[in-house]
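Read top to bottom, the protein sequences are chains A and B.
Counting along the first sequence from 1, when you hit position 99 you're at 99 in the working numbering, and nothing is skipped either side.
Counting along the second sequence from 1, when you hit position 8 you're at 259 in the working numbering, and nothing is skipped either side.
Note that the Cβ used here is the ideal one computed from N, Cα and C, for glycine as well.
This report refers to the structure that appears directly beneath it.
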Amino acid sequence: MSETNERRNFLKGLGLVAVTVGLGRPGLVEAQTAPPPAPAPPAMEMAAPSDTSTAYTYVFFNPVEIAFIEAAVARLIPKDNLGPGALEAGVSYYIDGQLAGWYGEAGRWYWQGPWQQGTPQQGYQLPLKPSEVYRAAIPRINEVTQKQYKADFADLKADQQDKVLTGLEKGDIDLGRLPATTFFAFLLQNTKEGFFADPTYGGNAQMVGWKLIGYPGVQPTYAQIIEQYKTPFTAPPMSIANFTDDPPHSH
Amino acid sequence: MSKKLPSVDAVMVGVGWTGGILAAELTRAGLSVVGLERGQSRDANVEFAFPHIRDELKYGIRFGLMQDVSRDTLTFRNSADQMALPMRQLGSFLLGNGTGGAGAHWNGQTWRWTPYDFEIYSQTVKRYGKGAIDDGMLIQDWGVTYQELEPFFDKFEHTAGIGGTAGNLQGKVQAGGNPFEGPRARAYPNPPMKRSQLGDLFQNATQNLGYHPFPGPSANMTQAYTNPDGQALGACMYCGFCERFGCDYNAKASPNNTVLPTALATGKFEVRHDANVVRVNMDSSKKRAVSVTYVDLITGEEIEQPAEMIFLTSFTFGNVKLLMVSGIGDIYDPVTNKGIVGRNYTYQLSAGAGGTITGKDFKVFAGAGSESVVIDDFNGDHFDHTGLGFLHGGSISASSTGARPIQSNPGGSGWGSAWKKAAAAAYNTSVGIGAQVASLPFRQNHLDLDPTYRDAYGHPLVRMTFDYRGNERKRSQYLAEVNVKILTEMGAKNVAGRSVPEHYTIVPYQSTHNQGGAIMGMDPANSVVNPYMQHHQVSNLFVVGASSFPHNSGFNPTGTVGAVTYRLADAIVKRYIKAPGPLT
Numbered sequence: 001m002s003e004t005n006e007r008r009n010f011l012k013g014l015g016l017v018a019v020t021v022g023l024g025r026p027g028l029v030e031a032q033t034a035p036p037p038a039p040a041p042p043a044m045e046m047a048a049p050s051d052t053s054t055a056y057t058y059v060f061f062n063p064v065e066i067a068f069i070e071a072a073v074a075r076l077i078p079k080d081n082l083g084p085g086a087l088e089a090g091v092s093y094y095i096d097g098q099l100a101g102w103y104g105e106a107g108r109w110y111w112q113g114p115w116q117q118g119t120p121q122q123g124y125q126l127p128l129k130p131s132e133v134y135r136a137a138i139p140r141i142n143e144v145t146q147k148q149y150k151a152d153f154a155d156l157k158a159d160q161q162d163k164v165l166t167g168l169e170k171g172d173i174d175l176g177r178l179p180a181t182t183f184f185a186f187l188l189q190n191t192k193e194g195f196f197a198d199p200t201y202g203g204n205a206q207m208v209g210w211k212l213i214g215y216p217g218v219q220p221t222y223a224q225i226i227e228q229y230k231t232p233f234t235a236p237p238m239s240i241a242n243f244t245d246d247p248p249h250s251h
Numbered sequence: 252m253s254k255k256l257p258s259v260d261a262v263m264v265g266v267g268w269t270g271g272i273l274a275a276e277l278t279r280a281g282l283s284v285v286g287l288e289r290g291q292s293r294d295a296n297v298e299f300a301f302p303h304i305r306d307e308l309k310y311g312i313r314f315g316l317m318q319d320v321s322r323d324t325l326t327f328r329n330s331a332d333q334m335a336l337p338m339r340q341l342g343s344f345l346l347g348n349g350t351g352g353a354g355a356h357w358n359g360q361t362w363r364w365t366p367y368d369f370e371i372y373s374q375t376v377k378r379y380g381k382g383a384i385d386d387g388m389l390i391q392d393w394g395v396t397y398q399e400l401e402p403f404f405d406k407f408e409h410t411a412g413i414g415g416t417a418g419n420l421q422g423k424v425q426a427g428g429n430p431f432e433g434p435r436a437r438a439y440p441n442p443p444m445k446r447s448q449l450g451d452l453f454q455n456a457t458q459n460l461g462y463h464p465f466p467g468p469s470a471n472m473t474q475a476y477t478n479p480d481g482q483a484l485g486a487c488m489y490c491g492f493c494e495r496f497g498c499d500y501n502a503k504a505s506p507n508n509t510v511l512p513t514a515l516a517t518g519k520f521e522v523r524h525d526a527n528v529v530r531v532n533m534d535s536s537k538k539r540a541v542s543v544t545y546v547d548l549i550t551g552e553e554i555e556q557p558a559e560m561i562f563l564t565s566f567t568f569g570n571v572k573l574l575m576v577s578g579i580g581d582i583y584d585p586v587t588n589k590g591i592v593g594r595n596y597t598y599q600l601s602a603g604a605g606g607t608i609t610g611k612d613f614k615v616f617a618g619a620g621s622e623s624v625v626i627d628d629f630n631g632d633h634f635d636h637t638g639l640g641f642l643h644g645g646s647i648s649a650s651s652t653g654a655r656p657i658q659s660n661p662g663g664s665g666w667g668s669a670w671k672k673a674a675a676a677a678y679n680t681s682v683g684i685g686a687q688v689a690s691l692p693f694r695q696n697h698l699d700l701d702p703t704y705r706d707a708y709g710h711p712l713v714r715m716t717f718d719y720r721g722n723e724r725k726r727s728q729y730l731a732e733v734n735v736k737i738l739t740e741m742g743a744k745n746v747a748g749r750s751v752p753e754h755y756t757i758v759p760y761q762s763t764h765n766q767g768g769a770i771m772g773m774d775p776a777n778s779v780v781n782p783y784m785q786h787h788q789v790s791n792l793f794v795v796g797a798s799s800f801p802h803n804s805g806f807n808p809t810g811t812v813g814a815v816t817y818r819l820a821d822a823i824v825k826r827y828i829k830a831p832g833p834l835t
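Here is the structure:
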């Protein structure tokens with residue numbers, strides 16, 4: 001996959017290397033009825049020993065989900081003439097980390113029944129945690145794309161992927177008991193979060209999300225410039241890590 | 252069985268602004284005070300330190316400083332014919348938790364409500380007649396006037412180092428201030444905030460339209476300041492991380508850096524954290540509160556803390572819930588119109604306008620919680636409501652609080668390359684102004700106990716029934732039109748107005764201004780507490796904060812919360828200690 005290689009090259013430029021398990025995507029389609037393939041050994045060109053200690057390895061998503069999420073975020077915020085997109089920014093890692101942690105477990109959400117659907121004004125009432133929403137939706141989406149295109153979502157052409165995403169957004173695609181619009185809302189929200197959150201969370205690598213819109217990130221003070229209406233603020237963007245002595249973990 | 256502790260003079264249930272103000276004043280008068288705080292201990296010097304506090308995801312999106320609703324939340328429905336369902340995650344409002352409560356992470360906009368607010372019923376009837384009051388609307392006079400509160404507004408402003416421009420000094424209208432404000436004895440302790448380019452455009456546009464702009468009063472320090480209690484604060488850096496965050500420059504007045512250290516310095520104040528009060532215990536006569544029972548959140552034990560005076564100083568929902576689960580007073584029933592606890596629940600309506608201004612460098616990333624230019628021309632009864640079909644109004648402002656990238660959602664709800672382009676273009680060119688709009692009480696809007704859902708301690712959740720009743724939406728629509736006019740005058744293109752939707756929704760963030768449920772008044776038939784927030788029937792029980800407000804104005808409530816609380820503290824120290832009993 002050329003996109004994936006491009007991402008690796010981009011990440012290597014940041015001193016950040018992805019180690020993805022189950023790289024053999026075609027095998028995974030067959031693997032739906034067979035045991036999952038053993039994780040492929042890391043490819044030599046991307047896994048110099050000194051790099052692996054800082055590489056991100058997915059902890060929540062399984063190989064089928066990895067393929068989906070990398071493909072989906074790459075369409076939601078694509079790489080284009082304005083710069084890197086969500087995939088290059090590491091947003092799939094961000095979502096993986098969020099879903100593996102307390103957010104994915106609906107931590108700090110009220111979680112007692114009875115469960116019942118209310119009005120839109122009453123908010124989210126499904127007994128599914130965010131991590132479970134992803135886990136429930138992705139296989140169903142692949143079933144739908146298999147039926148229509150004879151391929152998983154990740155292996156579709158970009159315009160086909162956009163069509164599927166639009167179908168999820170509008171609720172035109174039937175995911176069975178899970179409303180497609182619910183899944184899409186989580187996916188889009190989490191993708192934008194990852195693109196714009198501090199890089200410490202794994203997305204927004206090299207602050208590419210902030211650079212896109214002109215957000216300077218963490219700056220000690222704007223007191224001297226807030227009343228300067230014509231002089232631009234030119235300091236480079238900064239993130240939390242630029243100001244800490246915390247041990248570096250990714251760059 | 253619960254463990255019983257030795258009695259103290261006073262107990263505060265909740266350690267935010269109200270508990271902190273009372274603790275400071277009562278301990279200085281020599282009383283022993285225990286503060287029971289369900290949240291964990293929070294050392295602002297550590298937890299609010301740069302750079303980690305500048306984490307939008309943790310604090311701004313995942314609400315790191317807020318209430319854990321897995322333990323206690325509320326249920327919500329728009330109307331009585333629906334089943335109320337739990338608010339499963341924070342949304343419409345953000346409940347505080349931990350030392351300082353929501354005062355630790357507010358924006359700092361600090362208002363004196365308008366004199367009309369405190370006499371809203373009699374002034375409305377006088378000017379427009381009883382027919383102007385909607386069917387089912389429960390506006391009533393507060394039993395305390397602006398004039399009586401003035402010294403206590405002043406006291407709070409000086410404790411919290413408010414920066415602003417006086418609009419009415421001892422009856423004389425001042426240039427550059429709010430000409431509609433009630434007369435003040437003296438100026439703000441600090442000068443106003445700096446003005447962003449957006450604020451500057453608003454200033455000029457509203458002047459051109461004949462309105463009266465002024466800088467919004469701010470608890471973000473406009474210079475280094477030492478308050479009358481000796482607490483020192485730093486100057487605001489306009490960093491763009493204010494509401495939802497603690498301040499790493501110690502530049503936002505909060506209980507944590509003002510009244511709490513003042514109380515602690517007396518040696519008479521103990522804050523007990525991880526202590527979730529679940530009940531107020533009464534004696535057999537039901538005329539006297541003897542203690543509170545709390546769950547120790549470290550051991551799980553129930554512990555009883557007796558006190559001579561009991562102050563409910565948590566947020567609106569906590570105060571009202573404790574009255575209801577403790578069986579103190581009858582719960583309001585909108586069908587029979589009987590009962591009083593839970594009546595007059597109000598919120599904060601809104602209105603606004605959005606548009607595009609290109610070719611300016613707005614520096615939208617910069618700002619402070621109270622950095623704003625405001626007009627008060629359409630608030631309270633500052634304009635003639637004849638023929639408009641609604642009462643009250645709202646304050647309109649251009650605020651520069653710092654556009655953080657996730658929350659400000661540049662480019663809107665789309666995706667793909669088109670969204671990316673829109674986000675890049677919109678971040679510095681899409682502009683908005685907005686109004687905080689009054690919310691008036693109606694019979695159908697109230698709080699009671701949910702019959703189905705329970706909190707982590709086995710008690711029912713508070714159930715909120717709320718929607719826009721009567722002509723409430725007209726007020727928002729009217730203010731949206733004024734916003735459109737102003738934003739157009741500011742030079743914006745593609746201007747669109749925004750008013751409240753058909754139904755109130757618990758989902759997106761709107762405002763943490765929740766009032767009522769234990770309202771003040773002179774008559775026990777239509778109020779829970781007297782104007783000192785002392786319970787009508789249980790004179791050693793005080794229910795303090797915006798839970799006592801019979802309606803909500805077109806302003807943030809904290810300034811008025813501070814004033815009524817200082818007034819209560821003054822009455823306790825000067826009169827109640829010597830002769831406990833009803834304050835008149």
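Reference residue i, options the options, closest by Cα
{"i": "B:Y704", "options": "B:L277, B:L256, B:R313, B:S321", "result": "B:S321"}
{"i": "B:D525", "options": "B:L511, B:P512, B:I554, B:G497", "result": "B:I554"}
{"i": "B:T609", "options": "B:G640, B:V424, B:K671, B:A676", "result": "B:A676"}
{"i": "B:K445", "options": "B:K255, B:S565, B:N348, B:P468", "result": "B:P468"}
{"i": "B:I413", "options": "B:T587, B:Y596, B:T477, B:G551", "result": "B:T477"}
{"i": "B:L256", "options": "B:G352, B:S542, B:E401, B:A417", "result": "B:S542"}
{"i": "A:Y229", "options": "B:F806, B:A617, B:G645", "result": "B:A617"}
{"i": "B:A516", "options": "B:I384, B:D323, B:V758, B:A280", "result": "B:A280"}
{"i": "B:S727", "options": "B:I312, B:K589, B:L691", "result": "B:L691"}
With 16 other Cβ atoms within 10 Å as the buried cut-off, status of residue i
{"i": "B:N358", "result": "buried"}
{"i": "B:T509", "result": "buried"}
{"i": "A:W115", "result": "exposed"}
{"i": "A:R177", "result": "exposed"}
{"i": "A:Q224", "result": "exposed"}
Three-way DSSP call (helix, strand, coil) for residue i in this model
{"i": "B:L511", "result": "helix"}
{"i": "B:D821", "result": "helix"}
{"i": "B:Q391", "result": "coil"}
{"i": "B:S668", "result": "helix"}
{"i": "B:H524", "result": "coil"}
{"i": "B:E288", "result": "coil"}
{"i": "B:I757", "result": "coil"}
{"i": "B:L277", "result": "helix"}
{"i": "B:V615", "result": "coil"}
{"i": "A:Y93", "result": "helix"}
{"i": "B:I828", "result": "coil"}
{"i": "A:M44", "result": "Unreliable placement is indicated for A:M44, whose pLDDT of 40 sits below 50; no coordinate value is reported for it."}
{"i": "B:M575", "result": "helix"}
{"i": "B:D581", "result": "coil"}
{"i": "A:S131", "result": "helix"}
{"i": "B:S536", "result": "coil"}
{"i": "B:T564", "result": "coil"}
{"i": "A:V59", "result": "coil"}
{"i": "B:D260", "result": "strand"}
{"i": "B:R749", "result": "strand"}
In DSSP terms, what residue i is bridged to
{"i": "B:H786", "result": "B:V780"}
{"i": "B:H697", "result": "B:T716"}
{"i": "B:V688", "result": "B:L600, B:G645"}
{"i": "B:P711", "result": "B:R705"}
{"i": "B:S343", "result": "According to DSSP, B:S343 bridges with nothing at all."}
- Item | Segments assigned alpha helix (DSSP H), at least 4 residues, entirely inside the segment 199-238 of chain A | Segments of the alpha helix (DSSP H) lying fully in the segment 199-238 of chain A: 208-213.
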